[in-house]
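In what follows, a structure is listed as C-alpha cells, so that the remarks can point back to it.
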Amino acid sequence: MRKRPISVFALAFGLLSMSIPLFAHHGTAVFDTSKTLTIKGSVTEWDWSNPHCLLQFDAKNESGQVVHWIAETQNPGNMVYAGWGKTSFKSGDEVTVTLYPAKNGKPFGRITQVVLPNGKTLNAGAGGADTSVSPEGSKSENYPKQ
Amino acid sequence: MPYRFRALVIGLFAAVTFSPLAFAQNAPSRQSGSPNDWKATSEPAPRHDISGTWEPANGPNDGIQPYGVKAMPNDGKPEHQLPYTPYGLETYKSHRPLIGADAVLPANFNDPRDKCEPLGFPRADLYYLRETQILQNEYKVAILYQYGQAWRVIWTDGRELPKLVDEGVLVGNDVRESRFYGYSVGKWVDDSTLVVQTIGLMPEDRVWLDITGRPISDAARVEERFHRVNRDLLELTVTIDDPKMYTKPWIAMDKFPMRLEDPHRDVMEVYCSPSEMERYNKLFGNPTSAPASPPDGDTPSR
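Just so you know, the protein sequences line up as chains Y and Z, in that order. Here the first sequence is numbered in the working numbering, starting from 1 and rising by one per residue. Here the second sequence is numbered in the working numbering, starting from 1001 and rising by one per residue.
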C-alpha cells in the first residue's frame, strides 16, 4: 500500500510552498506545514459540510495495521471552486491522499490533494492549502513515518 | 419579535423581488438563457447602481482577509499597529484569536464566530467577504453576504442616520436596540459612488472587528464607500471610527476591488451550523491536543 514519492507530488508541493497564507479554522498552529504525507487508503466517509469537509479513510501503516485517518479541507463554499463536490468520494474508493499531518503525530491532517480511483487529481487549491508554509519550503514524505 | 423579524425579512425580499429596479439593472440581456452567455466588459458604470453579484477581483481568498483587515493586517509590523485607546487595547488582549500576531492554540480561542454567533458588522465586510450579492431599488440597497447567509439594508430614501444614545439608537422618537448589522443610511455623492454610514452596532462583548480579535464597540461609526469604477469593477473602502476602541479613525479596507460575476451564478451557502460544528469537533476536534484515542473511546486504529 505504500506509495513512493513521485515527481507530481514534488511539483504539487512546490506550488503549495508558494501559496499565500489562507484562512484556516484551526489557525496555523495545528498542522506541520513543513512536510506532507502521501497515503493510499480506502474511503470510509466523506462529509461535505461546514465548517470544514472531512474525508475519513483507512490505510495500512508499515506494520500492516489499519489506521483510521481523518483529514479536512476547507468548507464546501471554498472547495467547489476547486472542483470538489458532495459526490467526489464514496465509501470504498481507493484514493491517494496528500496532506499536512497534525503536529502531534496523530492520524489527522489537512488535505492538499487527492488522487481518485480513475486517476483524476483533486487539488485542494486555494480552498484547502493551509497557511504559513515555511519560507524554506516544505518537503514531502511518504506515509507511514510514525 | 420573531414574527416582526420574519415580517421584516419577507418585506425586504418582496420589495426587492417585485421592484422593477431589482436584480436586472446591470445585468446584460440573456441572449439564450444560458449562464455561459455572460461576458465581462469594461462598459461605464450605470448611474446610481451597485447591484449585482460581486466577488474579490484578486481571487476569492483576498476577501477572507486571513491576517485581519486587508489594509491593516495584524502581522506585528509597526505600520500596522492600530491606534488603540487603553480600553481598546485591554479589550483586544481579552480576545484569543486563532489567527494573527497574538494567535493562541485552538484549545484556548474565544472567537464568537465559532459559537455560531453572527459575525455582525463591520466584520461581515472585514472577514470572508466572498461572493456578495447586492440588490437595490429606489428606497434601499440590500447586501447579501455569503458567510452566514447574512443580509443588511442600507436606506437610500433620504432618511437621516439614527442618533446614538446610551440604550442604542434614536430613530425619530423611538429608542431602538443595538443590532448585529446596525443601522445604515447611504447617499450617492456622485453618479457611481455610494457612501454609507452605519451606527447602532453590538457591544464589544458580542462581536469582533476581524478574525484576529481586533475590537469594535457599540460606539462605532463605520463609513463604507462603494465606488463603481466601471460596469464590472466595484471598489470598497471601509473606515472605522470608534472612539471607545481607537483614538482616531482608520481605514480597514482601501479601495478593495470586487468584480462583477455572471448574474446567473448560484452562490454557495457558507454557514455555521451548531450540529455540524458539533460533529466536526467530535471527529476532528483539536489535532494539536488530540488524545491518542478519538472521542467516545474509539481507537485511531481499526
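The beta-carbon is built from N, C-alpha and C at its ideal position, and this holds for glycine as well. All values derive from a computational prediction rather than experimental measurement.
query                                                                                                                                                               : result
Leaving out five residues before and five after Val1069 (chain Z) in sequence, what residues of the same chain have Cβ atoms less than 6 Å from its Cβ?             : Leu1126, Asp1210, Ala1252
Please state whether the Cβ-Cβ distance between Leu1194 (chain Z) and Phe1121 (chain Z) is less than 8 Å.                                                           : no
Quick one: what's got a C-beta closer than 6 Å to Leu1144 (chain Z)'s C-beta in the same chain, skipping five residues either side?                                 : Gln1133, Trp1151
Kindly indicate which three-state DSSP category Ala1107 (chain Z) falls into: helix, strand or coil?                                                                : helix
CB-CB under 8 Å to Gly92 (chain Y), same chain, minus the five flanking residues each way: which ones, in chain order?                                              : Ser42, Val43
Just to confirm before moving on: does the CB-CB distance between Tyr1084 (chain Z) and Thr1212 (chain Z) stay below 8 Å?                                           : no
Ignore the nearest five residues each way along the sequence and tell me which others in Asp1062 (chain Z)'s own chain have a CB closer than 7 Å to its CB.         : Pro1056
Taking the straight line between their C-alpha atoms, what separation do you get for Gly1172 (chain Z) and Lys1163 (chain Z)?                                       : 9 Å
Give the C-beta separation of Tyr81 (chain Y) and Thr36 (chain Y) to the nearest angstrom, bearing in mind that I take them to be a contact with Cβ-Cβ under 8 Å.   : Contact doesn't hold; Cβ gap of about 21 Å is too wide.
Would you report the Cα separation of Phe1284 (chain Z) and Phe31 (chain Y), rounded to the nearest angstrom?                                                       : 13 Å
Out of curiosity, what's the CA-to-CA distance linking Pro1060 (chain Z) and Met1258 (chain Z)?                                                                     : 10 Å
When DSSP labels each residue in this structure, what does Ala124 (chain Y) get in the three-state scheme?                                                          : coil
For Asp1174 (chain Z), list the residues DSSP reports as bridge partners.                                                                                           : Z:Val1171
Quick check for students: name the residue ranges of the beta strand (DSSP E) that lie wholly in the segment 1218–1255 of chain Z, counting only runs of 3 or more. : 1221–1230, 1233–1241
Which same chain residues end up closer than 6 Å to His68 (chain Y) when comparing Cβ atoms and leaving out the 5 residues on each side of it in sequence?          : Asp58
Where Val95 (chain Y) and Gly1148 (chain Z) are concerned, what is the direct C-alpha to C-alpha distance, given to the nearest angstrom?                           : 32 Å
Which residues does DSSP list as the beta-bridge partners of Asp47 (chain Y)?                                                                                       : Y:Leu54
What does a CB cutoff of less than 7 Å around Leu1233 (chain Z) pick up in its chain, not counting 5 residues either side in sequence?                              : Ala1057, Pro1257, Arg1259
Since Tyr100 (chain Y) meets chain Z, which of its residues come closer than 8 Å, beta carbon to beta carbon?                                                       : Per Cβ cutoff of 8 Å: no residues; Tyr100 (chain Y) is ~10 Å from chain Z at best.
I need the boundaries of the alpha helix (DSSP H) containing Pro1056 (chain Z), first residue and last residue.                                                     : Here Pro1056 (chain Z) belongs to no alpha helix (DSSP H); instead the beta strand (DSSP E) covers 1052–1056.
Check the Cβ of Ile39 (chain Y) against every Cβ in chain Z and list those closer than 7 Å, keeping chain order.                                                    : The contacting residues do not exist; Ile39 (chain Y) stays about 13 Å from chain Z at best.
Which same chain residues end up closer than 6 Å to Ala1027 (chain Z) when comparing Cβ atoms and leaving out the 5 residues on each side of it in sequence?        : Its pLDDT being 34, under 50, Ala1027 (chain Z) is placed unreliably in this model, and the coordinates cannot settle the point.
Can you list, in chain order, the residues of its chain whose CB lies under 8 Å from that of His52 (chain Y), leaving out five sequence neighbours each side?       : His25, Glu72, Thr73, Gln74, Asn75
Would you mind reading off the limits of the beta strand (DSSP E) that contains Glu72 (chain Y)?                                                                    : 66–72
Below 8 Å on the Cβ atoms is my contact criterion, and I expect Thr98 (chain Y) with Thr38 (chain Y) to pass it. Report the Cβ-Cβ distance as a whole number of Å.  : 5 Å
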